[in-house]
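Peer 1: One point on numbering: in numbering that gives the first Met the number 0, the residue at position 2 of the sequence shown is 1, and numbering is uninterrupted.
Just so it is clear, CB atoms sit at the ideal spot from N, CA and C, and this is done for glycine as well.
Everything numeric in this text was worked out from a predicted model, so none of it was measured.
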Amino acid sequence: MSLKVLFNLNTSLYIRRQNILSSRYFASKTEKDVIVSDEKSIYESAEETPIYDSEQQEKNDELEKKRNKSRLNPHHRNILFGQRPYNESIEWFHNTVKYKKRILGRYGMKAVEMPVGFAWPTPEEVEDMKEYERVAYPYSIQEEWDRIEEKNRKEAEAIRAREADISQKMAKLDKWINDLNTRLAKKEADMLEAKKNKERLIEEVRDQLGYGVSVNDEKFKAVMAEKEKEQKKKLKMAKKKLKEEKILAKMNKVPQNGENQTTVSLNEPIK
C-alpha cells in the first residue's frame, strides 16, 4: 500500500471522527440539522453555534432574575446600572425628539434605535437660538469682557475701602476698650456710691426713729422718702450752683480776652 493511499485513509478517518464529535456537541446554524453531514469540512463545523449556548443563556437569565433582590422596578434597575429606563416607549413623550436627545446624552448611542443625526437642531431652531443670543447677550465679546473688568475693578475698590475702614477701626480699638472700661468703672462706682448713700440714709432714719423700727414699716418708709427727697433737692441745688459758677467763669474770661485784644490793637503802629 502506497503512502498516498495511507494518507488519504487517515485523512478520511480523521474527518469522520470530527464529524461524529461535532454531531454530538454542536448544532447547525439553522438549528434544524443536528448531525453534520460528511461533506462539511472541519472549519465549517468549527464555526457552528453550540447547542448549549442558548440553554446556558436561559440559565444565566434565570439566575440573574433570582439574584435580583432589590425589589426595584425594571426601569429603576436599568437606571441604577446606567442603562436606558425603558426598552420600548411607554408614554407619549418617549417618542419626542427632546426625550430621545436626553436619553442619547445620558446613556450613549446604544440607547437610541435611530441615527444620532436627529439630535442636530433644525434650521428653524438654529435661527431661534441666534435670535435668543442677540436679545439675551447684546454685547460683543470685547464689550462683555470690558464690563466684567469694570465690575471686578469696582468690587476690588469696595474691598480695599472696606479693609481701610476696618484698619482705622482696629487702630481705635484700644481707645474704645479703655473708654468702655472707664464707663463701666464709673457706673460701678456710681452704683457703689448709691448703695453707700442709701445705707447712710437708713442709718440716719434709724437714729431718728430708733433701731427697733423695721425697714418695712410705713413710718420708716415715709421718713426715708422724705430724706431722699431732701437729698435730691440738695443735689439739684449743688448742680445748679456749679452751673452758675461755670457761667460766671466764662463771663469773666471773655472780658479779659477783650481787654487783651484792645491792648494789642492800641500797641499796633498806625498805618
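If we define contact as Cβ-Cβ less than 8 Å, is residue 112 a contact residue for chain D?
Peer 2: Among the chains of the structure shown, chain D does not appear; only one protein chain is present.
Peer 1: Return the first residue and the last residue of the alpha helix (DSSP H) that residue 89 is part of.
Peer 2: Mapped onto the sequence shown, residue 89 falls at position 90. No alpha helix (DSSP H) contains residue 89, which DSSP labels as neither H nor E.
Peer 1: If you draw a straight line from the C-alpha of residue 85 to the C-alpha of residue 74, how long is it?
Peer 2: By one-based count along the sequence shown, residue 85 stands at place 86. By one-based count along the sequence shown, residue 74 stands at place 75. So the two alpha carbons sit approximately 6 Å from each other.
Peer 1: Can you tell me whether residue 204 is buried or exposed, with buried defined as 16 or more other CB within 10 angstroms of its CB?
Peer 2: By 1-based counting over the sequence shown, the position of residue 204 is 205. The residue is buried, with at least 16 neighbouring Cβ atoms inside 10 Å.
Peer 1: Where residue 163 and residue 172 are concerned, what is the direct C-alpha to C-alpha distance, given to the nearest angstrom?
Peer 2: Locating residue 163 in the sequence shown gives position 164, counting from the first residue. Locating residue 172 in the sequence shown gives position 173, counting from the first residue. If I take the Cα positions, the gap works out to 14 Å.
Peer 1: DSSP on residue 98, reduced to helix/strand/coil?
Peer 2: Within the sequence shown, numbered from 1, the residue matching residue 98 stands at position 99. Judged by DSSP in its simplified three-state form, residue 98 adopts helix.
Peer 1: Drop a sphere of 10 angstroms on the beta-carbon of residue 99, count the other beta-carbons inside from all chains shown, and report buried for 16 or more, exposed for fewer.
Peer 2: Indexing the sequence shown from 1 puts residue 99 at position 100. By the neighbour-count definition (other C-beta atoms within 10 Å, threshold 16), residue 99 is a buried residue.
Peer 1: If you pair each beta-carbon of the segment 220-228 with each one of the segment 189-209, do three or more pairs fall below 8 Å?
Peer 2: yes
Peer 1: Quick check on residue 67: does DSSP put it in helix, strand or coil?
Peer 2: Position 68 of the sequence shown, counted from the first residue, corresponds to residue 67. In this structure, residue 67 counts as coil in the three-state DSSP scheme.
Peer 1: For residue 37 and residue 53, what's the separation of their Cα atoms in angstroms?
Peer 2: Residue 37 sits at position 38 when you count from the first residue of the sequence shown. Residue 53 sits at position 54 when you count from the first residue of the sequence shown. At residue 37 the pLDDT is 47, less than 50, meaning the model places this residue with poor confidence and gives no usable figure here.
Peer 1: Would a C-beta distance cut-off of 8 Å place residue 146 and residue 136 closer than the cut-off?
Peer 2: Taking the sequence shown and counting its residues from 1, the one referred to as residue 146 is at position 147. Taking the sequence shown and counting its residues from 1, the one referred to as residue 136 is at position 137. Cβ distance not < 8 Å, so residue 146 and residue 136 don't count as in contact.
Peer 1: Determine the contact status of residue 227 and residue 200, defining contact as a CB-CB distance below 8 Å.
Peer 2: As a first step, residue 227 is located in the sequence shown; it is residue number 228 there, counting from the start. As a first step, residue 200 is located in the sequence shown; it is residue number 201 there, counting from the start. Yes, the Cβ-Cβ distance between residue 227 and residue 200 is below 8 Å.
Peer 1: Put residue 174 into one of helix, strand or coil per three-state DSSP.
Peer 2: Working through the sequence shown from its first residue, we reach residue 174 at position 175. Of the three classes helix, strand and coil, the one that applies to residue 174 here is helix, per DSSP.
Peer 1: Where does residue 83 fall in DSSP's three states?
Peer 2: By 1-based counting over the sequence shown, the position of residue 83 is 84. Coil.
Peer 1: Please report the distance separating the alpha-carbon of residue 57 from that of residue 67.
Peer 2: Locating residue 57 in the sequence shown gives position 58, where the first residue counts as 1. Locating residue 67 in the sequence shown gives position 68, where the first residue counts as 1. Answer to the nearest angstrom: the Cα atoms are 16 Å apart.
Peer 1: DSSP on residue 214, reduced to helix/strand/coil?
Peer 2: Within the sequence shown, residue 214 is the residue found at index 215, counting from 1. Per DSSP, reduced to three states, the secondary structure at residue 214 is coil, with no helix or strand assignment.
Peer 1: In its own chain, which residues sit with a C-beta less than 6 Å from the C-beta of residue 106, not counting the 5 before and 5 after it?
Peer 2: Translated into positions along the sequence shown, residue 106 becomes position 107. The answer, listed in chain order, is 83.
Peer 1: Helix, strand or coil for residue 112 per DSSP?
Peer 2: Taking the first residue of the sequence shown as 1, we reach residue 112 at position 113. Reduced to three states, the DSSP call for residue 112 is coil.
Peer 1: Taking just the CA atoms, how far does residue 95 sit from residue 271?
Peer 2: The question about residue 271 has no answer, for the chain in this structure spans 0 to 270.
Peer 1: Hey, would you say the C-beta of residue 225 is under 7 Å away from at least one heavy atom of the ligand FAD?
Peer 2: For the ligand FAD, the structure offers nothing, since it holds no ligand at all.
Peer 1: Nearest-angstrom Cα distance between residue 134 and residue 116?
Peer 2: Against the sequence shown, residue 134 aligns to sequence position 135. Against the sequence shown, residue 116 aligns to sequence position 117. Distance between the alpha carbons of residue 134 and residue 116: 28 Å.
Peer 1: Where does residue 138 fall in DSSP's three states?
Peer 2: Residue numbering aside, residue 138 sits at position 139 when the sequence shown is read from its first letter. Three-state DSSP puts residue 138 in coil, outside helix and strand.
Peer 1: Classify residue 120 as helix, strand or coil using the three-state DSSP reduction.
Peer 2: The residue labelled residue 120 in the question sits at position 121 within the sequence shown. In this structure, residue 120 counts as coil in the three-state DSSP scheme.
Peer 1: Give the straight-line distance between the Cα atoms of residue 237 and residue 248, rounded to the nearest whole angstrom.
Peer 2: Here residue 237 is taken as the residue at index 238 of the sequence shown, counted from 1. Here residue 248 is taken as the residue at index 249 of the sequence shown, counted from 1. Distance between the alpha carbons of residue 237 and residue 248: 16 Å.
Peer 1: Among residues of its own chain, excluding the 5 on either side of residue 113, which ones have a beta-carbon nearer than 8 Å to its beta-carbon?
Peer 2: For the purposes of this step, residue 113 is identified with residue 114 of the sequence shown, where counting begins at 1. Taken in chain order, the residues that qualify are 99.
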